[in-house]
Structures are given as structure tokens and as C-alpha cells.
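Under my numbering, the residues of the sequence shown are numbered 5 to 199, in order.
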Amino acid sequence: MRLLLTIAFLIVSIGTYAQRPRTIFTNDRDAVALFFPNTIGQALTGSADFTFSYNGESPQHVGIVQGVRGDRSNLLVIVENGDVYSYRLAYKKILDTLNYFVSKTERIGSEAPEPIFPRMDSLPKIEAPIRPNPRKVDVPRSRKDHFQKFSSYQLEQNTEKLKQSRKQGMVLRLRDLVYDRTEVYALIEIKNRSG
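Structural data, given as C-alpha cells:
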């Protein structure tokens with residue numbers, strides 16, 4: 005019975021240890037570099053107190069993270085082959101490590117779910133795929149159309165203010181920071197109450 009309890013305890017301990025992401029400490033003076041085994045495809049931080057920069061135009065293996073004093077946050081990075089990496093971000097005044105080399109074993113999963121069942125070749129193949137009618141699909145034709153649809157959708161959302169400033173009857177509110185692909189949009193509300 006003791007052996008069974010010991011084995012169960014070890015399995016639970018290993019499982020909880022494997023779920024703890026690595027903490028990366030940053031500050032506002034030093035640039036902390038993360039080197040990934042594959043080129044970076046997407047990345048986002050959970051808080052405006054931290055920024056993660058990488059070259060989206062010509063993908064590279066390196067990204068730079070910086071932060072200001074504030075609450076802890078997280079960083080999620082998806083590399084070109086679909087591997088997903090997750091880290092905690094925390095502010096520290098004096099940094100011990102400025103470069104992190106990420107190994108493939110640190111990945112938390114894959115962007116595309118792995119198949120549960122093995123591939124079955126015995127299924128009949130569909131010869132003529134069904135294609136949607138292009139007239140019925142509402143696809144933005146240009147970047148301007150995409151931006152108009154994206155911004156009108158964001159304006160319809162009921163978001164709480166993140167920050168507010170008042171001066172001489174003018175009210176400036178930062179409603180939200182929205183991430184779309186590799187761009188960040190600030191949803192700002194301005195009210196003139198000066199008379």
C-alpha cells in the first residue's frame with residue numbers, strides 16, 4: 005500500500021512540476037534576448053507592462069523582451085513549425101541573465117492539435133471537394149477593408165477603461181489594446197467637456 009501511495013505521489017509531483025513555466029526576469033533598462041530553435045511566427049504578452057519584439061518581416065530565431073515595474077504576466081510564442089512556448093514574465097531591478105537559449109524540450113505543445121487516432125487509409129476518398137461560393141463569403145478585399153471591419157467590430161465591443169486622463173475639460177480614455185496578427189491597436193476615447 006505504501007508503495008502504491010509513493011508511486012501516486014511521484015506521478016502527481018512530476019505532473020505539477022512539468023506544468024510550471026520558466027520565469028524570465030526583465031527590466032526597463034536591459035534587453036533580454038530569447039533564442040528559439042525555430043524562427044518566431046507569433047508572440048504576445050498578457051500585460052501592457054511587458055513587450056516582446058521580434059522581426060516579423062524577415063523571421064529570425066531571436067526575440068527581445070523588456071518590462072516595467074508591475075504585476076507578473078506571461079509570454080506566449082508560436083514558432084514557424086507550430087511549436088508553442090509559454091513563459092512567466094516578472095520585473096526585477098537587477099538582472100542575472102540577459103540571454104536565454106530555448107530548447108525544443110521546453111515547448112508546451114503544438115499549435116495544431118495532434119491526431120488522437122492514427123490515419124486510416126481505408127476510408128473512401130472524396131474526388132470533388134465542395135468549395136464555398138465566393139460571392140457568399142464575406143472576405144475583405146484589401147487591407148483598408150480589413151481595417152474598417154476590424155475597427156468597427158472593436159468599437160462595438162463594450163470594454164472597460166484601462167487608463168484615463170483629464171485636463172482642462174478634455175477626457176482621454178484608453179479603452180483597450182488589441183492585438184491583430186503582428187500589429188497592436190489602441191482603442192482610445194476622447195471627450196471634449198471644455199464647454
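Where a beta carbon is used, it is the ideal one built from N, C-alpha and C, also for glycine.
The structure displayed is predicted, hence computed values, not measured ones.
{"Asked": "Asp-87 (DSSP reduced to helix, strand or coil)", "Found": "strand"}
{"Asked": "Residues bridged to Tyr-183 (per DSSP)", "Found": "Val-188"}
{"Asked": "Per-residue burial, Phe-29 [other beta carbons within 10 Å of its own, 16 or more giving buried]", "Found": "buried"}
{"Asked": "Alpha carbon of Arg-76 to alpha carbon of Arg-92, nearest angstrom", "Found": "7 Å"}
{"Asked": "Ser-155 - DSSP class collapsed to helix/strand/coil", "Found": "helix"}
{"Asked": "Beta-carbon proximity check, Ser-114 vs Pro-25, cutoff 9 Å", "Found": "no"}
{"Asked": "Residues near Gln-46 in its chain [Cβ-Cβ closer than 7 Å; skip 5 each side]", "Found": "Ile-82"}
{"Asked": "Beta-carbon separation (whole angstroms), Pro-41 vs Lys-108, contact threshold 8 Å", "Found": "5 Å"}
{"Asked": "Residue from Gly-50, Asn-31, His-65 with nearest C-alpha to Asp-180", "Found": "Gly-50"}
{"Asked": "Beta-carbon contacts of Thr-163 that lie in its chain and below 8 Å, excluding the five residues immediately before and after", "Found": "Arg-179, Asp-180, Leu-191"}
{"Asked": "Gln-168 - partner residues in DSSP beta bridges", "Found": "Arg-177"}
{"Asked": "In DSSP terms, what Tyr-95 is bridged to", "Found": "Thr-30"}
{"Asked": "Assigned exposure category for Asp-100 - 16 Cβ within 10 Å defines buried", "Found": "exposed"}
{"Asked": "With 16 other Cβ atoms within 10 Å as the buried cut-off, status of Phe-56", "Found": "buried"}
{"Asked": "Spatial neighbours of Ala-116 in its chain, beta-carbon cut-off 8 Å, leaving aside the 5 residues before and after", "Found": "Gly-86"}
{"Asked": "Counted within 10 angstroms of its Cβ, other Cβ atoms place Ile-98 as buried (16 or more) or exposed", "Found": "exposed"}
{"Asked": "Opening and closing residue of the beta strand (DSSP E) in which Ser-57 lies", "Found": "54-57"}
{"Asked": "Check whether Ser-198 and Gln-168 have beta carbons under 9 Å apart", "Found": "no"}
{"Asked": "Ile-44, buried or exposed, once every other Cβ within 10 Å from all chains shown has been counted against 16", "Found": "buried"}
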